[in-house]
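Chemist:
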Amino acid sequence: VAPPKEVVTGTVDGIDIMELDEAVEVLWAEGIYAESGMGCTGPIVMVNEAKLNAALKILAKAGYDVGEAEDC
């Protein structure tokens, strides 16, 4: 179940397109609202900017090779 929806302007890249939905669900399970999408260089997970660092840590701990996406 997704946490309450919020503005998502922070972007995480490095997640394979086949794992995007799973990564979003990992964040939801930790109480962070997230959405998946396509950035200018590939698939991204979007989270609230204030929760970006926490999201990166959660995803890295879950085994994803992630980083903050660069501005296009």
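In my numbering, the protein residues as written are 291 to 362. We treat Cβ as the ideally placed atom computed from N, Cα and C, and that holds for glycine.
1. How big is the Cα-Cα spacing for A350 and G332?
2. Could you tell me whether the Cβ atoms of I348 and V298 are closer together than 8 Å?
3. Is it true that the CB of A340 sits closer than 8 Å to the CB of A324?
4. Under three-state DSSP, which class holds A340?
5. Using the rule of at least 16 other Cβ atoms within 10 Å of the residue's Cβ for burial, across every protein chain shown, is I307 buried or exposed?
Modeler: According to the data block:
1. Their Cα atoms are separated by approximately 18 Å.
2. No; because the gap between Cβ atoms is not below 8 Å, this pair is not in contact.
3. Against a cut-off of 8 Å, the Cβ pair of A340 and A324 comes out as no contact.
4. Helix, per DSSP.
5. Around the beta carbon of I307, fewer than 16 other beta carbons sit within 10 angstroms, so the residue counts as exposed.
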